[in-house]
Structure formats: C-alpha cells, structure tokens
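Undergrad:
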Amino acid sequence: MDLEHAAHAIDVTGMEKTYPGTRKSPPVRALRGVDLCVDPGSVFCILGPNGAGKTTLISILSGLLFPDSGKGTVWGRDILRKQREIRRIVNIASGHPNLPDNFTVNETLEYFGRLYGLLRSDRARKADELTRFFEIESYRNVPFNQLSTGLKQRLVLAKSLLNDPRILFLDEPTLGLDPRVCLSIRGRLQEWHQRSGTTIILTTHQMDEAEQLSDRIAFLMEGTFIRVGDARELKESLRHRERIVVRGKGLTHAAEALRAVPEVRGLEVEETMLRFELERREHNLGVVLGMILEHGARVEHIEITEPTLGDVFVELAGGTHPG
Amino acid sequence: MNWQAELIQASAFFYKIGLITRKRGFHVFEILFWPAIGLVSVGLLTRYLQLGPDKVAFVLIGVIALSVLQVGQLDISYVILYSVWNKSLKHEIASPMTAFHLVFGAWIMGIIHSVLVFFLLSGFSAWAFGFRFLDAGPSALTLFFLGLVLSSAVIGVVVIALAFRFGGRAHVGATSIVSIIILLSGIYYPVSVLPQPLQALSACIPVTYFLEFFRSHYGFEPASGHLLLKGYLLVFFYLAASVGVLQHSIRHAKMSGVLLKMSE
Chain A
1 MDLEHAAHAI
11 DVTGMEKTYP
21 GTRKSPPVRA
31 LRGVDLCVDP
41 GSVFCILGPN
51 GAGKTTLISI
61 LSGLLFPDSG
71 KGTVWGRDIL
81 RKQREIRRIV
91 NIASGHPNLP
101 DNFTVNETLE
111 YFGRLYGLLR
121 SDRARKADEL
131 TRFFEIESYR
141 NVPFNQLSTG
151 LKQRLVLAKS
161 LLNDPRILFL
171 DEPTLGLDPR
181 VCLSIRGRLQ
191 EWHQRSGTTI
201 ILTTHQMDEA
211 EQLSDRIAFL
221 MEGTFIRVGD
231 ARELKESLRH
241 RERIVVRGKG
251 LTHAAEALRA
261 VPEVRGLEVE
271 ETMLRFELER
281 REHNLGVVLG
291 MILEHGARVE
301 HIEITEPTLG
311 DVFVELAGGT
321 HPG
Chain B
324 MNWQAELIQA
334 SAFFYKIGLI
344 TRKRGFHVFE
354 ILFWPAIGLV
364 SVGLLTRYLQ
374 LGPDKVAFVL
384 IGVIALSVLQ
394 VGQLDISYVI
404 LYSVWNKSLK
414 HEIASPMTAF
424 HLVFGAWIMG
434 IIHSVLVFFL
444 LSGFSAWAFG
454 FRFLDAGPSA
464 LTLFFLGLVL
474 SSAVIGVVVI
484 ALAFRFGGRA
494 HVGATSIVSI
504 IILLSGIYYP
514 VSVLPQPLQA
524 LSACIPVTYF
534 LEFFRSHYGF
544 EPASGHLLLK
554 GYLLVFFYLA
564 ASVGVLQHSI
574 RHAKMSGVLL
584 KMSE
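Protein chains in written order, with my numbering: chain A, 1 to 323; chain B, 324 to 587.
(1) Quick one: give me the first and last residue of the beta strand (DSSP E) that A:His96 is part of.
(2) Based on the DSSP output, what are the partners of A:Arg247 in its beta bridges?
(3) Please classify B:Leu556: is it buried, with 16 or more other beta-carbons within 10 angstroms of its beta-carbon, or exposed?
(4) Who are the near neighbours of A:Glu110 in its chain, counting only those whose CB is closer than 8 Å to its CB and skipping five residues on each side?
(5) Excluding the 5 residues flanking A:Glu271 on each side, which residues of the same chain have their C-beta closer than 8 Å to its C-beta?
(6) What are the residues of the segment 324-339 of chain B that lie near chain A, defined by any Cβ-Cβ distance shorter than 8 Å?
(7) Going residue by residue through the segment 57-95 of chain A, where are the continuous alpha helix (DSSP H) segments of at least 4 residues, counting only ones entirely within it?
(8) Only counting the same chain, and skipping five residues up and downstream in sequence, which positions put a Cβ closer than 7 Å to that of A:Gly323?
(9) Beta-carbon within less than 8 Å of A:Glu242's beta-carbon, same chain only, minus the 5 sequence neighbours each way: which residues are those?
(10) Answer yes or no: does any C-beta atom of chain A fall closer than 9 Å to that of B:Pro419?
(11) If A:Phe133 and A:Ser62 are in contact, beta carbons under 8 Å, what's the gap, nearest whole angstrom?
(12) Give the DSSP-derived three-state secondary structure of A:Leu202 in the structure shown.
(13) Taking the beta carbon of B:Lys413 as the centre, do at least 16 other beta carbons fall within 10 Å, making it buried, or is it exposed?
(14) Which partner residues of A:Ile324 appear in the DSSP bridge assignment?
(15) Which partner residues of A:Gly38 appear in the DSSP bridge assignment?
(16) What distance in whole Å lies between the Cβ atoms of B:Ser462 and B:Ile387, which are believed to be in contact at a cut-off of 8 Å?
(17) Can you check whether the CB of A:Val245 is closer than 9 Å to the CB of A:Ile302?
(18) Quick one: is A:Ser203 near chain B, going by C-beta distance under 9 Å?
(19) Quick check on DSSP: helix, strand or coil for B:Ile403?
(20) Examine chain A for any beta-carbon lying closer than 9 Å to the beta-carbon of B:Ser364, and answer yes or no.
(21) Whose Cβ in chain A lies nearer than 7 Å to the Cβ of B:Gly433?
(22) Assess contact between the segment 39-50 of chain A and the segment 217-231 of chain A, defined as three or more Cβ pairs (one per stretch) separated by less than 8 Å. Is contact present?
(23) Going by the DSSP bridge assignment, what does A:Pro143 pair with across the sheet?
(24) How far does the beta strand (DSSP E) with A:Leu177 in it extend, from its first residue to its last?
(25) So B:Glu587 contacts chain A; which residues on that side make the cut at Cβ distance below 7 Å?
(26) Got a sec: which bits of the segment 548-567 of chain B sit with their beta carbon under 8 Å from any beta carbon on chain A, in order along the chain?
(27) Exposed or buried, which one is A:Gly150 when buried takes at least 16 other CB atoms within 10 Å?
(28) Evaluate the contact criterion for the segment 11-29 of chain A versus the segment 67-75 of chain A: three or more CB pairs, one atom per stretch, below 8 Å.
(29) Based on Cα-Cα distance, which residue from A:Gly33, A:Asp311, A:Gly76 and A:Ser25 lies nearest to A:Asp39?
(30) For B:Phe560 and B:Val568, I'd like the C-alpha separation in whole angstroms.
(31) Starting from A:Asp122, trace the alpha helix (DSSP H) both ways and give me its first and last residue.
(32) As a quick exercise: from B:Ser508, B:Val558 and B:Met420, pick the residue whose alpha carbon is nearest that of A:Ile89.
(33) Is the Cβ-Cβ distance between B:Gln393 and B:Ser508 less than 9 Å?
(34) Could you give the DSSP three-state label for A:Arg280: helix, strand or coil?
(35) Start and end of the alpha helix (DSSP H) containing A:Ile167?
(36) Just the Cα atoms here: how many angstroms apart are A:Thr224 and A:Lys17?
Now the structure itself:
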C-alpha cells in the first residue's frame, strides 16, 4: 500500500475498550465495537454526551491508549503494530491545556520540536510561523503558567501543528473559552485546514463549532456510533420534529381540538400563541391550520423552526442537552 | 532509521532537564545542597570520632559515591515526574519519543551534573578533610564514576517506571531505593559487618563492587576478585531489565488508561 496516499485517513472496525475497575469503582465499558472510516483531508466531528467514549476513541487513534480488541489503520499504518510511525504523523490538542508549567512559549515549542525530531532550522521556522499564525508572538518569552486560558490553548494548538500532522486530533479544543476566543480559534483552525489539507478529528460539545468546522458528524452514545452524516443530513433526519409557532387571537378552543391530533406533539398554549411539533409538516400543516381556523381563531403569524444540530443531539442523547 | 532525528529526540529530554535545573530552584538545591551537607556532616563526624586517614577515606568515598548516585538518578526521575506534576505527560507520550530517548537524553544531563558534584565534593574533601579523591588515578576514577552513573541510571529508570504506574508518588521510590543501597552496599561501613543474609543481598548490588574496587586503591582489601567485571555485568543486566520494566509500565499505563488520568 502507498502509505503517502492512504485510501482512508482512519479506518477502524470493532474497536472495544473497557477500563479496568478498582476497589472503589466497577469496570467502565467505554467503547462497544466502534467502526469508523474517515476520508483524508476531511474534518470529522464526534459528538456525544459526557462519558460517551469520545476521548477514549481519539486517545486510541492517537496512540495514547490501547484498545482491548478491534483492528484498524491510521493513514495506512496498523494501529497496534505501527504506533510509533502513527505518532510521527499525527498530533493532539485538548481543551485542558496542560504543558510544562514554567517553560516559556519559545521553550515549549523548542522542546516539542525536538520531540518530533525537527532540525534546528525547522524548529525555528515552525516556531516563527505558528506563533504568528496563532497570534502569540508577543508572548514568546512568557512562561506557560502566566498565560491566560485562551493563550494557553493557542500554544497547545501551535504545538499540535509543529510536525505538520497529517491527522490532527482535537479533543474539545475550545472548552472553557469565551465566545470571542472560540471564534478566533475556530477561524484559525479552518484557515489551517484549508491551507494544509490536514485531516481533523474533532470532539466538541458545541454544536455551532461542529456545524462550522465539520464535513461529517458522528454521534457517539455509550461507546457506539448511533448516527453519522453531514449537518444537513442529520437535521433532515429530524424533519418530523419541526416546531410550529402560531400567533393570533382566540386560539384556546383550537388548542383543545389539536390535542386530539396524533401528529401534533408537545403542544404549549398561551393566550395569543400555540407552539407545537408537527410530524410530516408538508402533509399535515394545511389540515392543522384548517382546524385552527374552523374553531374561530384569527391567525396573524406562523413561524416554522427547523431542527438544529442541538435538537438532533437532544433527540439522540435522550434529553441531555450538550454543554 | 534516521539517526539525526533520533539524536534530536533524545536531546529533547536533555534540553528539558536543563530547563528544569535552570528554572526550578529546588532542583539545584537537591543537586548541590544535600550532597554538600552530607559531605560536611560526615566529614565532621570522622573528626569527632578521631578516625585515621584510611577510615576517613573509606567513609568519604562512600559519601561522594552516594551523592553521585542521588544526583544522577534525580535528572532521569524528574524528566517524567515533572510532566506528571504538570499533567502534560500525554503530549510527550503522543510524540514519537521512546524509552531510549527519554533515558539517554536525561542521563547525559545526569552525568554532567554528577561530574560537577563529584569534582566539587572532591575538592572540598581535599581542602577540609585532607582526603584526595584524584590520588587513585584517572583510569580507576573513570571506571568507578562510570559504574556509579550507570547505577544511577538504573535507579532513575525504575523511578520513571513507578511513575507510569503510580503517578507523582513515585519519587518515594527513589528515596527507598537509595536507602536500600545505603544499607546494603557498604556506603558507610564494610559489607562484612552486615548479617550473613544481608551480605547475600549486597552481592546483588553493583554499587557494592564499584565501592570495593575504588577503596582497594586506598589499601582496603576487597572481599572478592573481578570486582569491575561483576559490577558492570550486574549494572548492565539491571539497566536492560529496568528499561524492560519501564516499557512494560508505559504499556500498562496505555492499557489501563492511567496515562490519560495522569493528564487530566
């Protein structure tokens, strides 16, 4: 196989992982037969509630954790037998930005540049390029423990690009950052991806982040992928859960009639407003509006809200809203 | 294999422990202060006890050897313990580094620090207590020193292996191993004063042979022959075994998820 042009960036099947129990806690089954295929150059997002197995999966893929069973490749290299080769061509960044405490930005990049075997001239060039790219140039002589959380995160991201990874694993990269910093970091990541074509595997709790950055999104629940698709496909799957808001007068009688319609769910009634979800809207909206008018209501405004990725998450996670 | 890249990777740990030494005052304290205190206090004890020059030499050789062991192992231990304390270990393990890079890079810095401490203590012992370390000659000195720094590497590697198993508490392991060496390998007294079963254990510790070898240059009769051969065979065996244990510990940490927990 031509390893430089692998057919899949990641290709794993039947990945299982159970963390052994201790005297105080039982074993935890984190992954239950995960199958995953990611195209080179794409951005793949893994969504799921806390404890779904997201970090476990990307830790296995990045060589930080061994699976109990399953097989697969990362850029054509066997995940169990070619770990060191894999670690050469991938890198990680997580939302818990922990790096050596009192090393400055420069020293941190120098240290990790050496760990990836970069020549002195390459280390200097990459440090210049990445500190400029992540706008931390003016902090190059500041120790890590004196940086703000946002700057620490930028440094972790700069570190993660030192070796020009073919696959970059980002585990909740904007966790705990204020919205302005989140936006800036997402912009940088998007730009880097467009510029370099790096495959990105991202876990996040932020739906807008998943939607903005990802080509494909997978929902991981209790160690299994339960749905995979792009944002549009996933929202499409909840088409039946479109929310209808009707504003007007004399809606109370109509509401009583709507309760008997099986396609109408989650009906909320206020004096001048009805809010409900409607299955198969394209078929049923006319019927429902007809019923409202028949009961003497005067309709002034109708609003149809499409499901968001957050709604898909809530639906799949059984009521747990992300974040 | 790209040797240049391999050496650069090993140099990462040399660079790291250099930074730790420069920035962490406590590390400098441990490298210089405790060995100096040890030498002065034991040297003064020899005066109080009115020991003759031969006994002074015997004891001070032990004290300086102990300092070299301590300093050498500290650099190897701290290169990983520091990351455990900072919770940054996973970023390092996610890189293509190996146990070889880690041990070799940190050990070279350990040797530099040990040479520094060795010469400082030797100079001080000559000035304050009239004991001249360099009288044994350069070849004896080199072989003795090399044996000690190899032994210190074994201790350091074991401490790192413990760190991958038990996290930051592993530094207790360093103290414990050095204490056992003090007890068994004849740092302050000849091994012959130990009870018979403990003498059997002493025979398994390479430092015992390196001390006997070096003391033989000051007129002390060794208990057995082929001291250097035994010492080096043992120390290389332990070094290989400890690297094996370290690799097993890293594998265990990746299997059990301890590595991730240490970085949370």
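A virtual CB, placed ideally from N, CA and C, is assigned to each residue, including glycine.
TA: On the basis of the data shown:
(1) Position 96 of the first sequence, counting from 1, holds the residue named residue 96 of chain A. Segment: none, A:His96 is in no beta strand (DSSP E) and carries neither H nor E.
(2) As a first step, residue 247 of chain A must be located in the first sequence, where it is residue number 247. In the DSSP output, where bridge partners are listed per residue, A:Arg247 has A:Met273 and A:His301.
(3) Taking the second sequence and counting its residues from 1, one reaches residue 556 of chain B at position 233. Looking at its Cβ environment, which holds fewer than 16 other Cβ atoms inside 10 Å, B:Leu556 is exposed.
(4) On the first sequence, residue 110 of chain A is found 110 positions in, with the first residue counted as 1. Only Arg123 and Ala127 meet the Cβ criterion.
(5) Counting from 1 along the first sequence, the entry for residue 271 of chain A is found at position 271. For A:Glu271, where only same-chain residues beyond five positions count, the Cβ hits under 8 Å are Leu251 and Thr252.
(6) Asn325, Gln327, Ala328, Glu329, Ile331, Gln332, Ser334, Ala335, Tyr338 and Lys339
(7) 83-89
(8) Position 323 of the first sequence holds residue 323 of chain A. Residue placement at A:Gly323 is poorly supported in this model, since its pLDDT is 42, which falls under 50; the coordinates still yield a value, given next. If we look at A:Gly323 and ignore the five residues flanking it on each side, its Cβ neighbours are His205 and Gln206.
(9) Position 242 of the first sequence holds residue 242 of chain A. The residues are Glu277, Leu278, Arg281, Ile304, Thr305, Glu306 and Pro307.
(10) On the second sequence, residue 419 of chain B is found 96 positions in, with the first residue counted as 1. Output row for B:Pro419: interface = yes.
(11) Taking the first sequence and counting its residues from 1, one reaches residue 133 of chain A at position 133. Taking the first sequence and counting its residues from 1, one reaches residue 62 of chain A at position 62. With 8 Å as the limit, A:Phe133 and A:Ser62 do not qualify as a contact, their Cβ atoms being about 22 Å apart.
(12) For this step, residue 202 of chain A is matched to residue 202 along the first sequence. DSSP places A:Leu202 in strand when its eight states are reduced to three.
(13) Start at 1 with the first residue of the second sequence, and residue 413 of chain B comes out as number 90. Buried: at least 16 other Cβ atoms inside 10 Å.
(14) Residue 324 of chain A is absent from the model: chain A starts at 1 and stops at 323.
(15) In the first sequence, counting from the first residue as 1, residue 38 of chain A sits at position 38. A small correction: the amino acid at residue 38 of chain A is Val; Gly does not occupy that position in the sequence shown. In DSSP, A:Val38 forms a bridge with A:Ile10.
(16) Mapped onto the second sequence, residue 387 of chain B falls at position 64. Mapped onto the second sequence, residue 462 of chain B falls at position 139. With a Cβ gap of about 18 Å, B:Ile387 and B:Ser462 do not count as contacting.
(17) Taking the first sequence and counting its residues from 1, one reaches residue 302 of chain A at position 302. Taking the first sequence and counting its residues from 1, one reaches residue 245 of chain A at position 245. The answer is yes: Cβ separation under 9 Å.
(18) The residue given as residue 203 of chain A occupies position 203 in the first sequence. With the sequence shown as reference, residue 203 of chain A is identified as Thr, and Ser is not the correct amino acid for it. Output row for A:Thr203: interface = no.
(19) By 1-based counting over the second sequence, the position of residue 403 of chain B is 80. The DSSP-derived three-state label of B:Ile403 is helix.
(20) Position 41 of the second sequence, counted from the start, is the residue given in the question as residue 364 of chain B. Chain A contact via Cβ: absent.
(21) Taking the first residue of the second sequence as position 1, residue 433 of chain B is located at position 110. Going along chain A, no residue has its Cβ under 7 Å from B:Gly433, so there is no contact; the nearest lies around 18 Å.
(22) yes
(23) For the purposes of this step, residue 143 of chain A is taken as residue 143 along the first sequence, with counting starting at 1. Paired residue(s): A:Thr104.
(24) As a working note, residue 177 of chain A is residue 177 in the first sequence. For A:Leu177, there is no enclosing beta strand (DSSP E), since its DSSP letter is neither H nor E.
(25) Counting from one through the second sequence, the residue named residue 587 of chain B turns up at place 264. Near B:Glu587 (Cβ distances below 7 Å), the residues of chain A are His96.
(26) none
(27) Within the first sequence, the letter at position 150 stands for residue 150 of chain A. The residue in question, A:Gly150, is buried, as its Cβ has 16 or more Cβ neighbours within 10 Å.
(28) Using a C-beta cut-off of 8 Å, the segment 11-29 of chain A makes contact with the segment 67-75 of chain A, since at least three inter-stretch Cβ pairs fall below that distance.
(29) As a first step, residue 39 of chain A must be located in the first sequence, where it is residue number 39. Per the C-alpha coordinates, the member of A:Gly33, A:Asp311, A:Gly76 and A:Ser25 positioned closest to A:Asp39 is A:Gly76.
(30) Within the second sequence, the letter at position 237 stands for residue 560 of chain B. Within the second sequence, the letter at position 245 stands for residue 568 of chain B. Near 12 Å, if we compare the C-alpha coordinates of B:Val568 and B:Phe560.
(31) In the first sequence, the residue the question calls residue 122 of chain A occupies position 122. That run of the alpha helix (DSSP H) goes Arg120 to Phe133.
(32) Locating residue 89 of chain A in the first sequence gives position 89, counting from the first residue. Residue B:Met420 is the option with its Cα nearest to A:Ile89.
(33) As a working mapping, residue 393 of chain B is identified with position 70 in the second sequence. As a working mapping, residue 508 of chain B is identified with position 185 in the second sequence. Taking C-beta atoms as the reference points, B:Gln393 and B:Ser508 fail to come closer than 9 Å.
(34) As a position in the first sequence, residue 280 of chain A is number 280, starting the count at 1. Reduced to three states, the DSSP call for A:Arg280 is coil.
(35) Within the first sequence, residue 167 of chain A is the residue found at index 167, counting from 1. Counting along the chain, A:Ile167 falls outside any alpha helix (DSSP H), though it belongs to the beta strand (DSSP E) covering Ile167 to Asp171.
(36) For the purposes of this step, residue 224 of chain A is taken as residue 224 along the first sequence, with counting starting at 1. For the purposes of this step, residue 17 of chain A is taken as residue 17 along the first sequence, with counting starting at 1. Linking A:Thr224 to A:Lys17 through their CA atoms gives a straight-line distance of about 11 Å.
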